[in-house]
Amino acid sequence: MERKSYSIDINRIAQYAMYAYCIFALFSLAFSVCRQAGLSFRTSPILIPISPILVTIKQLVLQLAPIALWGIFRYTLPAGVKLLRRCSELMVLYYVLSFILGQCFNLHLVTMMQNGQITPTATILTWIQSSMGLISVIASLIAGCHLYSKHRGNMRKLGLALILVFMVWLICSNLLPVAVFYLADNTQQTAFTSVNIISMITTTSAYIYAYYMMYRAIND
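Here you go:
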């Protein structure tokens with residue numbers, strides 16, 4: 000499969016985006032696991048003043064790096080693979096929309112609550128984001144199946160990684176919580192905490208592997 004050539008070193012940009020995502024995804028994982036375990040980074044006198052800055056940088060990197068990686072992957076694809084191009088465009092659109100809506104909510108540009116009730120605007124925007132999230136999951140799965148069945152090398156491995164991401168999302172976000180709710184009984188809170196930690200570790204690992212393979216596929 001022939002790739003386009005560019006004067007800008009997009010491989011280097013993809014490399015930086017991939018490394019940045021991996022570093023801050025691991026930082027986010029450690030932060031979340033400690034919070035689930037009842038610990039806090041804020042107990043450190045060194046991290047107290049920089050913790051909000053780290054959290055802000057982490058959020059920006061985890062939102063922007065996928066846009067860069069999916070965008071670069073999309074524009075390195077040849078014109079003949081229309082299905083992959085459309086799926087990649089949907090992924091870019093989802094991440095851009097999530098970033099914009101996230102900033103609107105964080106900067107309080109959108110009123111979330113009014114008189115103790117969620118505002119219609121917030122409801123509509125949340126529904127749009129949720130709908131796009133579901134569409135992006137399906138698009139990612141379709142892209143993964145296509146890559147795995149039609150290509151070889153790193154592109155095939157990327158397809159497997161995207162399928163793995165879908166399976167992790169399906170199990171950790173949908174099946175495990177329901178199973179815990181119905182089976183845990185008296186140990187429900189402890190079970191939920193354990194499942195949350197396992198889900199965070201599994202999900203982070205799957206996404207890191209997927210974006211690493213995307214970088215390798217871009218480099219081919």
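Following numbering that gives the first Met the number 0, the numbering of the sequence shown begins with 0 at its first residue and continues without gaps.
All C-beta atoms, glycine included, are put in the ideal place defined by N, C-alpha and C.
Length of the line joining the Cα atoms of residue 146 and residue 113: 47 Å
C-beta atoms of residue 215 and residue 157 nearer than 9 Å: yes
Alpha carbon of residue 163 to alpha carbon of residue 115, nearest angstrom: 41 Å
Spatial neighbours of residue 67 in its chain, beta-carbon cut-off 6 Å, leaving aside the 5 residues before and after: 16
Per DSSP, the bridge partner or partners of residue 207: Answer is none; residue 207 lacks a bridge partner.
Test item: CB-CB of residue 62 and residue 104 under 9 Å: no
Contact the segment 81-93 vs the segment 16-36: 3+ CB pairs below 8 Å: no
Assigned exposure category for residue 65 - 16 Cβ within 10 Å defines buried: buried
At least 3 beta-carbon pairs within less than 8 Å: the segment 138-152 vs the segment 174-182: no
Separation of residue 170 from residue 69, as counted between CA atoms: 24 Å
Residue nearest to residue 86 in terms of C-alpha spacing, selected from 140, 127 and 52: 140
Contact under 9 Å by Cβ, residue 142 with residue 82: yes
Sequence ranges, alpha helix (DSSP H) only - wholly within the segment 142-178, length at least 4: 152-169
Pair within 9 Å by beta-carbon distance, residue 208 and residue 138: no
Where residue 17 falls: helix, strand or coil (DSSP): helix
Residue 135, buried or exposed, once every other Cβ within 10 Å from all chains shown has been counted against 16: buried
Reference residue 281, options 167, 54 and 211, closest by Cα: What the structure shows of the chain is the stretch from 0 to 219, and residue 281 is not part of that stretch, so it cannot be assessed.
DSSP-derived helix/strand/coil call for residue 111: coil
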